[in-house]
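Trainee:
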Amino acid sequence: MDECENDYNGGCVHECINIPGNYRCTCYDGFMLAHDGHNCQGKTRPASVCVSGNRTDAGTR
Numbered sequence: 001m002d003e004c005e006n007d008y009n010g011g012c013v014h015e016c017i018n019i020p021g022n023y024r025c026t027c028y029d030g031f032m033l034a035h036d037g038h039n040c041q042g043k044t045r046p047a048s049v050c051v052s053g054n055r056t057d058a059g060t061r
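So for the sequence shown, full-length UniProt numbering puts the first residue at 1; every next one is plus one.
#1: Could you compute how far the alpha carbon of M1 sits from the alpha carbon of G21?
#2: Is G37 helix, strand or coil when you go by DSSP?
#3: What's the call for C16, buried or exposed, on a 16-neighbour Cβ count within 10 Å?
#4: With distances taken from CA atoms, which of Y23, D7 and C40 is nearest D29?
#5: Considering only their Cβ atoms, is the gap separating C4 from N18 smaller than 7 angstroms?
#6: With the cut-off set at 7 angstroms, would you say C25 and G37 are in Cβ contact?
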């Protein structure tokens, strides 16, 4: 049985990959799979902060 081969798409928001006896959801570039294994969420980039007029990436100071 191919769970990806119907209108439901295995319940995957982006892509459904059929594997023997199961399936796996994957996401388009720039997205990552949510904890539920079906939805995709945008990847977040580190926030930029301005310190004394100098821009740095948060968490890299």
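For glycine and all other residues, C-beta sits at the position ideal for the given N, C-alpha and C.
Every value quoted in this text rests on a predicted model; they were computed, and no experiment measured them.
Mentor: The answer reads as follows:
#1: 7 angstroms
#2: coil
#3: buried
#4: C40
#5: yes
#6: yes
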